[in-house]
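Visitor:
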Amino acid sequence: MVVQYAFEQSNSTLRNTQDFVSESKFLTNWLDVEHQGWKLPAISKPHDWCGLWKTIGCNRVDVHEKLGKGRLTYVKQFRRSCYRAKCKSCFTNWIARQANVSTRRIEAFEKKSKQQPIHLILAVPASQRNLPVKLLRQRMSHILKLGNIHGASVIFHPFKFNKTERRWYSSPHFHLVGFGKSSDIKNAFGRYSWYVKETEDRKSVFQTFCYLLSHCGIQKGYQTVTWFGNLSYSKLKVEKEPRITKCPL
44 MVVQYAFEQS
54 NSTLRNTQDF
64 VSESKFLTNW
74 LDVEHQGWKL
84 PAISKPHDWC
94 GLWKTIGCNR
104 VDVHEKLGKG
114 RLTYVKQFRR
124 SCYRAKCKSC
134 FTNWIARQAN
144 VSTRRIEAFE
154 KKSKQQPIHL
164 ILAVPASQRN
174 LPVKLLRQRM
184 SHILKLGNIH
194 GASVIFHPFK
204 FNKTERRWYS
214 SPHFHLVGFG
224 KSSDIKNAFG
234 RYSWYVKETE
244 DRKSVFQTFC
254 YLLSHCGIQK
264 GYQTVTWFGN
274 LSYSKLKVEK
284 EPRITKCPL
């Protein structure tokens, strides 16, 4: 029952994410807004094969029978996906994969450290908004160390949404999901004129990542989600989920 509930919740989250992006693309300047080459997800034409059904299977019934599985044939059908953030057809698959991987890392460290994750917005001061994003990342990374961050994921957002004018506009900021004392982090960024806002909790870490990835910054050559401190790839090893591409019987 718990597994079924979690599955239904994740599907509901992804449907809501897809609806949000589809509505924003239709009603706002989603497709055209740009900041230093950064764009929003789901703006590029899919490959010809994106979304097409594919069937794989195993008909070695003799082997299955010897393994005590009966004379069964294994068949699996799925839609093909390019898993690109910019693909109009496959962006939700990309969000689901990224959110799942990120959630597993956060939950692994949460279990290990017995700490609760926090979600902060790191807002770039107006005087620095036109600086190269690479430089802003470097400054943000430096200040995080001064704020005694234990470990975190950081996602860059180039834009904010003006609800009155219903348009996206350049306003670079970072979202942090990780571990540490929010007061220490706020004090560290405050010394450099950055503004830090603590956000309201969502229902789950997975839901938080789906929301953040739905309108994050996309540019070729840059990672969407970066990891710091004890959550970096060199310090935290998380077992990958197996991909079922061969006969499970």
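First residue of the sequence shown: 44, per this note's numbering; consecutive thereafter. Every residue gets a Cβ at the ideal spot worked out from N, C-alpha and C, and that includes glycine.
Between the C-alpha atoms of Leu279 and Arg147, what's the straight-line distance to the nearest angstrom?
Guide: In the sequence shown, the residue the question calls residue 279 occupies position 236. In the sequence shown, the residue the question calls residue 147 occupies position 104. Approximately 11 Å between the Cα atoms of the pair.
Visitor: In the DSSP assignment, the beta strand (DSSP E) including Thr269 goes from what residue to what residue?
Guide: Here residue 269 corresponds to residue number 226 of the sequence shown, with the count starting at 1. That run of the beta strand (DSSP E) goes 268-272.
Visitor: Between the beta-carbon of Pro168 and the beta-carbon of Tyr235, is there less than 9 Å?
Guide: Numbered from 1 along the sequence shown, position 125 holds the residue referred to as residue 168. Numbered from 1 along the sequence shown, position 192 holds the residue referred to as residue 235. The answer is yes: Cβ separation under 9 Å.
Visitor: Compare the Cα-Cα distances from Asn72 to each of Ile261, Ala142, Asn205 and report the closest residue.
Guide: Within the sequence shown, residue 72 is the residue found at index 29, counting from 1. Ranking Ile261, Ala142, Asn205 by Cα distance to Asn72 puts Asn205 first.
Visitor: Would you call Arg209 buried or exposed, if buried means 16 or more other Cβ atoms sit within 10 Å of its Cβ?
Guide: In the sequence shown, counting from the first residue as 1, residue 209 sits at position 166. It counts as exposed.
Visitor: Please report how far the alpha carbon of Gln47 lies from the alpha carbon of Cys253, in whole angstroms.
Guide: What you label residue 47 is simply residue 4 of the sequence shown in a count that begins at 1. What you label residue 253 is simply residue 210 of the sequence shown in a count that begins at 1. Note that Gln47 has pLDDT 40, beneath the 50 cutoff, so the model's placement of it is unreliable and the number below is only indicative. When rounded, the distance between both Cα atoms is 19 Å.
Visitor: Whose CA, out of Phe134, Val104, Arg182, Gly221, lies closest to the CA of Trp270?
Guide: As a working note, residue 270 is residue 227 in the sequence shown. For Trp270, the nearest C-alpha among the options comes from Gly221.
Visitor: Going by CA-CA distance only, name the one from Leu95, Ala128, Ser184 that's closest to His258.
Guide: Taking the sequence shown and counting its residues from 1, one reaches residue 258 at position 215. Looking at the Cα atoms, Ala128 is the closest of the given residues.
Visitor: Distance check for Arg58 and Lys155, CA to CA, integer angstroms please.
Guide: Along the sequence shown, read from residue 1 onward, the residue named residue 155 stands at position 112. Along the sequence shown, read from residue 1 onward, the residue named residue 58 stands at position 15. Using only the alpha carbons, I get a separation of about 32 Å.
Visitor: Judging by CA-CA distance, which residue of Gly233, Glu284, Thr135 is the nearest neighbour of Cys125?
Guide: One-based indexing of the sequence shown puts residue 125 at position 82. The candidate whose alpha carbon is nearest that of Cys125 is Thr135.
Visitor: At the level of alpha carbons, what is the spacing between Gly194 and Glu108?
Guide: Numbered from 1 along the sequence shown, position 151 holds the residue referred to as residue 194. Numbered from 1 along the sequence shown, position 65 holds the residue referred to as residue 108. Looking at the two C-alpha atoms, the distance is approximately 49 Å.
Visitor: Within its chain, find whatever has a CB closer than 6 Å to the CB of Ala85; leave out the 5 residues flanking it on each side and keep chain order.
Guide: Stepping through the sequence shown from its first residue, residue 85 is reached at position 42. So the qualifying residues of the chain are Val64, Lys131, Phe134.
Visitor: For Gln171 and Trp211, I'd like the C-alpha separation in whole angstroms.
Guide: Your numbering for residue 171 matches position 128 in the sequence shown. Your numbering for residue 211 matches position 168 in the sequence shown. So the alpha carbons of these two residues sit roughly 19 Å apart.
Visitor: According to the Cβ coordinates, are Gly260 and Phe199 closer than 9 Å?
Guide: Locating residue 260 in the sequence shown gives position 217, where the first residue counts as 1. Locating residue 199 in the sequence shown gives position 156, where the first residue counts as 1. In this structure, Phe199 lies closer than 9 Å to Gly260 by Cβ.
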